[in-house]
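First the structure, in the form of structure tokens, and then the observations on it.
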Amino acid sequence: MPLGLLTIPCRTDNYAFLLHDDSTGAAALVDAPEAGPIQAALEAHGWRLTDILLTHHHDDHVAGVEELREGGARVIGAEADAHRLPALDAAVTPGAPLEVLGTRVEVIDVPGHTVGHVAFHFPQDHIAFTADSLMALGCGRLFEGTAGQMWDSLRRLRDLPGDTLICSGHEYTETNARFAQTIEPGNAALQERARAVTQARADGRPTVPSRLSEERATNPFLRADAPELQRAIGMEGETAETVFAEIRGRKDRF
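Per UniProt numbering, the sequence shown runs over residues 1 to 254.
Here is the structure:
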């Protein structure tokens with residue numbers, strides 16, 4: 001049976017995600033912005049937390065770990081970032097085998113936002129947890145990495161199957177949509193998505209997760225090598241990394 005997915009709003013604009021196996025009652029958490037809403041969801045559904053997967057070290061993704069691990073959950077994170085993550089029970093490296101809830105998990109290196117950021121791809125369930133690397137209509141700020149690193153990371157994620165559900169870490173989509181329209185105002189798919197995002201937020205609905213196919217068509221940070229986007233910002237023929245850096249800089253000033 002495929003795993004179920006529950007999106008949990010946390011803090012001001014964070015999301016945590018619970019994967020659950022209804023046949024066993026086991027659940028795995030991706031990122032722990034705060035313990036309260038996650039514990040409430042576990043108790044409401046009668047699930048047992050077995051694993052906590054961490055994408056990167058920022059407090060708004062790990063603050064709830066110590067309280068949540070008290071029930072014996074295994075804490076999983078990148079070996080390269082172990083020195084600044086909560087104590088890990090399993091330190092993983094990109095490409096190495098990992099199994100969670102009886103399902104194979106691919107660990108993907110996605111530096112840029114931080115140098116130790118990883119994403120977790122569950123290929124059998126068509127879900128990727130990308131946190132602050134690939135985001136809905138956006139990408140994370142370059143706090144530690146370079147534009148080149150982030151562009152390479154986004155290309156790796158872009159190469160996943162188009163039906164992959166992208167679970168990113170924040171509700172930033174409405175602002176991201178407004179910015180994206182300054183980059184590609186003639187993108188009809190983007191205009192349609194922006195209207196849907198505005199309506200969703202007006203209705204109090206989350207805009208995360210999103211489909212990778214939709215991100216490919218509308219997210220300017222995935223489209224730095226698209227000739228039509230390069231033409232739209234007067235950078236036709238420039239390298240994709242240069243175009244990406246320009247778009248990221250514009251977003252930082254937006």
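The beta-carbon is built from N, C-alpha and C at its ideal position, and this holds for glycine as well.
Remember, predicted model here, so these are calculated numbers, not experimental data.
The DSSP-derived three-state label of Pro9 is strand.
With fewer than 16 other CB atoms across the displayed protein chains lying within 10 angstroms of its CB, Ala189 is exposed. Judged by DSSP in its simplified three-state form, Gly71 adopts helix.
In this structure, DSSP gives Ile233 a state outside helix and strand, which the three-state scheme calls coil. In the three-state reduction of the DSSP assignment, Ala63 falls in the coil class, being assigned neither a helical nor a strand state.
When secondary structure is reduced to three states using DSSP, Ser133 falls in the coil class, being assigned neither helix nor strand. Between Thr7 and the set Ala63, Asp51, Ala32, Ala217, the nearest pair of CA atoms involves Ala32. Bridge partners of Phe17 according to DSSP: Thr7, Val30. In the structure shown, Val105 falls within a coil segment according to DSSP collapsed to helix, strand and coil. Put simply, of Cys10, Leu19, Leu3, Gly4 the residue whose alpha carbon is nearest the alpha carbon of Gly169 is Cys10. A distance of 8 Å or more separates the beta carbons of Phe143 and Lys251.
Cβ-Cβ distances below 7 Å link Glu79 to Ala91, Val92, Thr93 in the same chain, with the five nearest sequence neighbours on each side left out; the list follows chain order. Shortest Cα-Cα distance from Arg253 to any of Thr175, Leu54, Glu67 involves Thr175. If you look at Ala194, you'll find it in the alpha helix (DSSP H) that goes 188-202. For Arg195, the closest alpha carbon among the candidates Leu68, Thr218, Ser213, Pro209 is that of Thr218. With a cutoff of 8 Å on beta-carbon distance, Asp51 and Val100 are scored as near each other.
Judged by DSSP secondary structure, Ser153 falls within the alpha helix (DSSP H) whose first and last residues are 147-158.
Within the same chain, Pro161, Asp163, Thr164, Leu165 come within 7 Å of His126 by CB-CB distance, once the 5 residues on both sides are set aside. The beta carbon of Trp151 sits closer than 6 Å to those of Glu241, Phe244, all from its chain and outside the five residues before and after it, given in chain order. For Ala224, the number of other beta carbons within 10 angstroms of its own is at least 16, and it is reported as buried. Going by DSSP, Thr24 is part of no beta strand (DSSP E) at all; its letter is neither H nor E. The straight-line gap separating the alpha-carbon atoms of Val115 and Ala44 is approximately 36 Å. Taking Gln191 as the centre and dropping the five residues before and after it, the same chain places no C-beta closer than 6 Å to its C-beta.
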